[in-house]
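What follows is a short report on a single structure.
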Amino acid sequence: MDKAQQDALKKAAGIEAAQLIQDGMIAGLGTGSTVRFLVDELGRRVQEEGLKFTGVTTSRRTQEQAESYGITIVDVDDVDHIDVTIDGADEVDANFNGIKGGGAALLWEKIVATNSDRIVWIVDESKVVDTIGRFPLPVEVIPFGAGHVIKRFEAKGYKPVLRMDADGKEVRTDEQNFVVDLHLDRIDNPLELAHDLITTVGVVEHGLFLNMVDQVIVGDPNGPRTLT
Ligand code: 5RP
Numbered sequence: 056m057d058k059a060q061q062d063a064l065k066k067a068a069g070i071e072a073a074q075l076i077q078d079g080m081i082a083g084l085g086t087g088s089t090v091r092f093l094v095d096e097l098g099r100r101v102q103e104e105g106l107k108f109t110g111v112t113t114s115r116r117t118q119e120q121a122e123s124y125g126i127t128i129v130d131v132d133d134v135d136h137i138d139v140t141i142d143g144a145d146e147v148d149a150n151f152n153g154i155k156g157g158g159a160a161l162l163w164e165k166i167v168a169t170n171s172d173r174i175v176w177i178v179d180e181s182k183v184v185d186t187i188g189r190f191p192l193p194v195e196v197i198p199f200g201a202g203h204v205i206k207r208f209e210a211k212g213y214k215p216v217l218r219m220d221a222d223g224k225e226v227r228t229d230e231q232n233f234v235v236d237l238h239l240d241r242i243d244n245p246l247e248l249a250h251d252l253i254t255t256v257g258v259v260e261h262g263l264f265l266n267m268v269d270q271v272i273v274g275d276p277n278g279p280r281t282l283t
């Protein structure tokens, strides 16, 4: 699948998911190229159909895009609940366990997801896998002592790589942390790995999203498919 085909599938999933947002809702808005299509469609509905909803965003990028359409965005601490969060993913398996953080937004994404009544992922069909782990697992790490965390990961065989930007500088998250990508190839026991990562001092969050997702909308050449 080339990028244009993949984008078409992402767009179809994003447009389909936009239908889930109704007047008066509080909606979590994820991050990434698939979510960009979702927000474009929500912006269209706000401007052309008068849709009125409140958004809670998982990154500054998504906030800027949503606000450019006149969508009201509030802080996650300014709402007592989130009706539904729609987000992308890097991989998802048949049990709706997956990997997120390819766009370095995993921490805010997990906070928003944790406070949501319902979580929907939008992906193109290439993201649906039998076993997660081929996509390098992002881990958000505090800069202070990050070198030692990386050494610990190396000793455990996690094959960590500190994420760098095009200018050769460390990528920073919206919380100014680093991202370390673990090249594991496959993750046979995600719960055990999640526990090991989150109990490592210096780790803020990891990109394993386990037992959280209610619905996945898959962009498919035959049209979007909804998995529940
Ligand atoms: C950002 C994410 C994204 O949702 C994930 O990387 C998928 O991105 P895309 O829709 O661009 O493929 O987790 O941190």
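Just so you know, we're using our numbering here: the sequence shown kicks off at 56 and counts up by one. All C-beta atoms in this analysis are idealised placements derived from N, C-alpha and C, irrespective of residue type, glycine included.
- Judged by DSSP secondary structure, Pro215 falls within the beta strand (DSSP E) whose first and last residues are 215-217.
- Residues Val111, Ile137, Thr140, Val167, Ser171 of the same chain have their beta carbon placed closer than 6 Å to that of Gly83, with the five preceding and five following residues left out of the count.
- By the Cβ neighbour-count rule, Gly200 is exposed, with fewer than 16 other Cβ atoms within 10 Å of its own.
- Inclusion of Leu161 in the 7 Å shell around the ligand 5RP follows from its C-beta lying nearer than that to a non-hydrogen atom of the ligand.
- Across the set Phe233, His238, Ala249, Lys58, the C-alpha of His238 shows the shortest separation from the C-alpha of Gly212.
- Between Ile174 and Val268 a beta carbon distance of about 5 Å is seen, short of the 8 Å cut, so the two are scored as contacting.
- Where Val94 is concerned, the enclosing alpha helix (DSSP H) starts and stops at 88-99.
- About 5 Å separates the Cβ atoms of Asp148 and Ile187, confirming a contact at the 8 Å cut-off.
- Taken through DSSP and simplified to helix, strand or coil, Gly69 comes out as helix.
- The nearest non-hydrogen atom of the ligand 5RP is 7 Å or more from the C-beta of Lys58.
- Counting C-beta pairs with one atom in each stretch, the region 149-162 and the region 189-197 have three or more that are closer than 8 Å, which means they touch.
- Between Ile205 and Pro191, the gap from beta carbon to beta carbon reaches 8 Å or more.
- Within 10 angstroms of the beta-carbon of Asn277 lie fewer than 16 other beta-carbons, which makes it exposed.
- Taking the Cβ of Ala68 as the reference point, every heavy atom of the ligand 5RP lies at 7 Å or farther away.
- For the ligand 5RP, no non-hydrogen atom lies closer than 7 Å to the CB of Gly188.
- Note that the C-beta distance between Lys155 and Gly262 is below 8 Å.
- Following the DSSP letters along the chain, one finds Asp251 inside the alpha helix (DSSP H) bounded by residues 245-253.
- Here Gly143 is buried, its C-beta having at least 16 other C-beta atoms within 10 Å.
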